[in-house]
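All residue numbers for the sequence shown refer to my numbering, where the first residue is 4 and numbers rise by one. Using N, Cα and C, we set each Cβ at its ideal position, and we do this for glycine too.
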Amino acid sequence: MYSKKYKIGEIPILELGKDRIKDQPAPLLIFYHGWTSSKEIAADFGHILYKSGYRVIIPDCVNHGERTEEQPRMWEAGKLFNSIMRTADEFPQIAHYFLDQNLTDFVAVAGVSMGGIITNAILKNHPHVKIAASMMGTPCLCRYAEWVMLEGIENLMEASTNFYPEISIPDERVIQSILNQEADAIDNLLPDLEKYDLSLTPEKYNNRFVFYWHAKPDPLVPYTFSADFFERIKDLPIAKQAKFFGSEKGSHLVPIKVTKGVRGFFEHYYQIYNETGHAPQEELFWQEININKKISIQ
């Protein structure tokens, strides 16, 4: 395995891959990390996913990692949604860096939590993405933003004490002021968020294979948003290749076996695509990866 860090324009990048693909053409997987995370923290995902044979690119999302002097607070919801939109807008710059050098002709995206939401925003606006995977994210961006605005910010504050105990929660006397300020910021962003909300235009799936995984007990990105959405579109022919897998147990963390399942999804798809030159048959594809235990997520 090789790894290296560099910048594409102003975007800090971590690249991981098998030695044989270094500086050689290979399928490209751009992986987006979660809220308050960074490319270095997300490297654990990359160390699993690169074994699929893809060149794995993990950028620092806007307002994260090398791109900020101060880590965003969990409850800074306005900054969260700005980060989602601006990072999604940077996708073409990263993809074309490799496309223009003939280092790939196959682009996939994936992400966890905020990165899963970014993945869905990219799917909505970039039809040349071949396949994708979203873990603990949601295609329902506006519904999620409205939930955060009305009640979810308090969940984010509570989560901060669990994930980042070294960060002190604001005094109770100023919490309400913060909640109001962040709610106003989200409300102002809602018209812009519609442009990134895949659930508003499910036809944008355009027969692409997309792997979704979510744990029901997730306190930060409600499971029901995605579950309800997929129940609504399950008979829509153009979206039938998107599969939603739910887990009864868990929290907002992604188990290693799920990430390995995502790796199997990417690996098996590209193997078929590389051999045949086209996408696999939907039912046969999902049957094969289950029979061959490429996905084991329960």
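Taking Cβ positions, are Leu52 and Arg266 nearer each other than 7 Å?
yes
Taking Val257 and Val115 to be in contact with their CB atoms under 8 Å, please state how far apart those CB atoms are, rounded to whole angstroms.
6 Å
Would Thr141 and Phe268 be called neighbours here (beta carbons separated by less than 7 Å)?
no
Quick one: what does DSSP say Leu223 is sitting in, helix, strand or coil?
coil
If you follow the alpha helix (DSSP H) that Val261 is in, where does it begin and where does it stop?
259-279
So, under 8 Å CB-CB, Leu326 and Leu201 are touching, yes? Tell me the CB distance rounded to an integer number of Å.
Outside the shown range of the chain, which is 4 to 301, sits residue 326, and nothing can be said about it.
Give me, in chain order, the residues of the same chain whose beta-carbon lies closer than 7 Å to that of Leu287; leave out the 5 immediate sequence neighbours on both sides.
none
Could you tell me which of Pro15, Ile14, Asp22, Ala245 sits nearest to Ser6, measuring between CA atoms?
Asp22
Put Ile294 into one of helix, strand or coil per three-state DSSP.
Here the model assigns Ile294 a pLDDT of 47, short of 50, so the residue's position is not dependable, and the following value carries that caveat. Reduced to three states, the DSSP call for Ile294 is helix.
Given a threshold of 16 other Cβ atoms within 10 Å of its Cβ, counted over all protein chains shown, does Leu239 qualify as buried or as exposed?
exposed
Integer Cβ distance of Pro28 from Leu106, believed to fall under 8 Å
6 Å
If Met77 sits next to Leu192, beta carbons under 8 Å apart, how far is it from one beta carbon to the other, in whole angstroms?
With 8 Å as the limit, Met77 and Leu192 do not qualify as a contact, their Cβ atoms being about 18 Å apart.
Less than 7 Å between the C-beta atoms of Leu17 and Ile61, yes or no?
yes
Go through its chain and collect everything with a Cβ distance to Ala282's Cβ below 6 Å, but skip five positions before and after it.
none
For Ala98 and Tyr57, what's the separation of their Cα atoms in angstroms?
14 Å
With a threshold of 16 other CB atoms inside 10 Å of the CB of Asn2, please say whether the residue is buried or exposed.
This structure leaves residue 2 out entirely; the chain is present only between 4 and 301.
Exposed unless 16 or more other CB atoms sit within 10 angstroms - verdict on Gly81
buried
Which residue's Cα is closest to the Cα of Asp187: Pro205, Leu203, Ala124, Ile156?
Ile156
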